[in-house]
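In the numbering used here, the protein residues as written are 13 to 339.
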């Protein structure tokens, strides 16, 4: 019996300089799509993602959070890796995205041509950068009830996502998040400030809504050719609403609900393949899968330089375990 394969695409916060570099150098399909999408980027904005992302002066350890570059870079890397998998004969039964990772899932699902989605990505980054004040996002490793119970956190931030029962993210102004950070530090609670410059999934990005929704008004989306699981809704979508590409970064992320929907739909026997740059969703999926489930998450890209090795392991795993593949 074949297992069910899910491609997962993450959003902002886990990106870094040099992400996908080994694949870019060693895998012709990955390189082909990166160059193709970079050409689109240059035509629209006049800037090159590849020149910035793979510049030898920019190390993995340096902060990479300029939305005009991180947005398209994240999309490009995820989409290019998905094409590597597809051209290797590995086809997903479902695609799942979180936040702006839903651009990549929609592209793979054939909702709209990839060049058009690239434009949607760039325009959204430009709208947020032009209209919104900067902010931030803070991941808190604690029971998410803390958000409701602690007045300092509740009154000075907005809940962006609950990724699993002891991991949630809040968005807010940086001065407010610094106050929360001080409390967490004094309380011995583990936290991480995400590598973003804006408060996604909160009212802080509302000033960009009008212009971007106006831009989306005349867009037409095909029905997904691959079932698309949206973390903006926590459900499987058969048709995307016109405002979908705004909702994915404005609504709270419902990742646990999306995983539960898949586990219920397919009987707890899935492989979750994280095609994001940091393996974040593979970790989140692991924490949301029931202990008795036969489902397993895998990742390819990491900041630690094992992309090629991980890719080869995934190919063998797919072949050996008879996942839905044409290999």
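Built from N, CA and C at the ideal position, the CB exists for glycine as well.
| Check | Outcome |
| --- | --- |
| DSSP three-state label for residue 170, please. | strand |
| Can you tell which of 246, 273, 252 has the C-alpha that lies nearest to the C-alpha of residue 265? | 246 |
| Within the same chain, show all residues whose beta-carbon is closer than 7 angstroms to that of residue 110, passing over the 5 residues directly before and after it, in chain order. | 22, 23, 243, 265, 267, 293 |
| From 118, 272, 289, 91, pick the residue whose C-alpha is nearest to that of residue 31; which is it? | 289 |
| If you check the beta carbons only, do residue 116 and residue 90 fall under 8 angstroms apart? | yes |
| Take residue 322 and list the residues in its own chain whose beta-carbon comes closer than 6 angstroms to its own, dropping the five residues that flank it on each side. | 312 |
| Tell me, which residues are paired with residue 309 by DSSP? | 284 |
| Got a sec, what are the start and stop residues for the beta strand (DSSP E) residue 248 sits in? | 247 to 249 |
| Determine whether the beta carbon atoms of residue 134 and residue 169 lie at a separation below 8 angstroms. | no |
| Going by C-alpha distance, which of 138, 150, 36 is nearest residue 88? | 36 |
| DSSP beta-bridge partners for residue 151? | 181, 204 |
| Would you list the one or two residues that DSSP bridges to residue 242? | 109, 247 |
| Between residue 76 and residue 207, which are expected to be in contact by the criterion C-beta below 8 angstroms, what is the C-beta distance as a whole number of angstroms? | 6 angstroms |
| Using CA atoms only, rank isn't needed, just tell me which of 26, 80, 253, 33 is closest to residue 131. | 80 |
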